[in-house]
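At position 177 of the sequence shown the residue is numbered 176 (numbering that gives the first Met the number 0), and the sequence of numbers has no breaks.
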Amino acid sequence: MKTVKIRDKEFSISIGEKDILKAVQKVADRINSDMDGKHPLFIAILNGSFMFASDLFKRLSIPCEISFVKLSSYVGTKTTENVKTLIGLDENIEGRHIIIIEDIVDSGHTIEDILNNLKQYSPASVKVATLLFKPNAYKKNITLDYVGIEIPNDFIVGYGLDYDGDGRNLADIYKIIEK
Ligand code: IMP
Ligand code: MG
Numbered sequence: 000m001k002t003v004k005i006r007d008k009e010f011s012i013s014i015g016e017k018d019i020l021k022a023v024q025k026v027a028d029r030i031n032s033d034m035d036g037k038h039p040l041f042i043a044i045l046n047g048s049f050m051f052a053s054d055l056f057k058r059l060s061i062p063c064e065i066s067f068v069k070l071s072s073y074v075g076t077k078t079t080e081n082v083k084t085l086i087g088l089d090e091n092i093e094g095r096h097i098i099i100i101e102d103i104v105d106s107g108h109t110i111e112d113i114l115n116n117l118k119q120y121s122p123a124s125v126k127v128a129t130l131l132f133k134p135n136a137y138k139k140n141i142t143l144d145y146v147g148i149e150i151p152n153d154f155i156v157g158y159g160l161d162y163d164g165d166g167r168n169l170a171d172i173y174k175i176i177e178k
């Protein structure tokens, strides 16, 4: 079994590059057919989604644009307040068809924050494309329009996903070995 050590943890191979790219192709095929004639704007959420965004974007055959944003997390005036805003969105998205590109949806808190942020600018539609989804951790009712691969609740790294900043460079996806 192929394993890697990242910082203090051991990880074993979980999803190989070939299977990742197969899932990316399937998502691209569906988007190409759904968005025919719509000229969507893709919004990729940094840092985690950069590899997925790149591989997905190469497989799109429709006219489309992409923008990269970051989610800032800051604590409000009350200590319980945790407001996340999008940084770097300089396109006017009013009336546009938006597709969010995420690496992974876990509890769903992040994607909910992103959707709430975007909806205030009156886009024509907002869809979500995520490479990975942990259905057993998901706590929201938001529909995830394009899901590449459903995975169990293990912590994973690789293909853009990190453990404490490291591991994003791995072409395959690895899961943590619990000891
Ligand atoms: P959520 O808000 O719980 O859905 O979590 C989403 C964010 O948490 C993702 O954008 C990732 O940055 C991070 N995340 C969730 N699960 C993992 C994982 O297994 N490995 C690395 N990052 C993860
Ligand atoms: Mg992320």
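All C-beta atoms in this analysis are idealised placements derived from N, C-alpha and C, irrespective of residue type, glycine included. Owing to the predicted nature of the structure, the values given are computational and were not obtained by experimental measurement.
| query | result |
| --- | --- |
| Would the beta-carbon of E101 fall within 8 Å of that of I110? | yes |
| With H, G and I counted as helix, E and B as strand and the rest as coil, what does DSSP make of D22? | It is Ala, not Asp, that sits at residue 22 in the sequence shown. A22: helix per DSSP, three-state reduction. |
| Would you tell me roughly how many angstroms separate the C-alpha atoms of V156 and I150, rounded to the nearest one? | 13 Å |
| If you follow the alpha helix (DSSP H) that L117 is part of, which residue opens it and which one closes it? | H108 to K118 |
| Under the criterion of a Cβ to heavy atom distance below 7 Å, does E177 qualify as lining the ligand IMP? | no |
| Select from L70, Y145 and D171 the residue whose C-alpha is nearest the C-alpha of S13. | D171 |
| Less than 8 Å separating the beta-carbons of I44 and V68? | yes |
| Apart from the five residues just before and just after T78, which ones in its own chain have a Cβ nearer than 8 Å to its Cβ? | With a pLDDT of only 47 at T78, under 50, the local geometry of the prediction cannot be trusted, and the value read off the model is given with reservation. So the list is empty, once near-sequence residues are dropped. |
| Pop quiz: F41 and I98 are said to be a contact at Cβ under 8 Å. What is the actual Cβ separation, rounded to whole angstroms? | 5 Å |
| Should G87 be labelled buried (16 or more other beta-carbon atoms within 10 Å of its own) or exposed? | exposed |
| Given the structure, does V3 come close to the ligand IMP, in the sense that its CB is under 7 Å from one of the ligand's heavy atoms? | no |
| Is it the case that the CB of S11 approaches a heavy atom of the ligand IMP more closely than 7 Å? | no |
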